[in-house]
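Novice: After the structure tokens below, expect a handful of questions from me.
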Amino acid sequence: MNIKENISKLLFDSGLSNYKISKDTGIAQTTLGRFTTKKSDIDNMSLGNAIKLNEYYSRLA
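Residue numbers for the sequence shown follow the numbering used here, so the first one is -5 and each next one is one higher.
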């Protein structure tokens, strides 16, 4: 799987709340909310946030 697929699964299919992901990764809930409500596209996510979310997903899997 690629990074984008991992992030999508984490944000939309994992059942974890933005609060939990935020606490565990240090990424603001408002930032995560923009992606989960599709106000922002995952393709436009900062590289730093993408790496954090991908690593977090990998630890959960």
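All C-beta atoms, glycine included, are put in the ideal place defined by N, C-alpha and C.
Just so you know, these numbers come straight off a predicted model, no measurement behind them.
1. What span of residues does the alpha helix (DSSP H) with ALA44 cover, start to end?
2. Near GLY27, which residues of its chain fall below 7 Å by C-beta distance, leaving aside the five closest residues on each side in sequence?
3. Count the other CB atoms within 10 Å of the CB of ILE15; is the residue buried (16 or more) or exposed (fewer)?
4. For ILE(-3), name the three-state secondary structure that DSSP assigns.
5. Would you please state the rounded distance, in angstroms, between the beta carbons of TYR51 and LYS3? I believe it to be under 8 Å.
Specialist: Answer, in terms of the structure:
1. Locating residue 44 in the sequence shown gives position 50, counting from the first residue. Element bounds for ALA44: 41 to 54.
2. As a first step, residue 27 is located in the sequence shown; it is residue number 33 there, counting from the start. The answer, listed in chain order, is ASN12.
3. To locate residue 15, count along the sequence shown from 1; it is residue 21. With 16 or more other Cβ atoms within 10 Å, it is buried.
4. Here residue -3 refers to the residue found at position 3 when the sequence shown is read from its first residue. Helix at ILE(-3).
5. By one-based count along the sequence shown, residue 51 stands at place 57. By one-based count along the sequence shown, residue 3 stands at place 9. Sure, about 7 Å apart at Cβ, within 8 Å.
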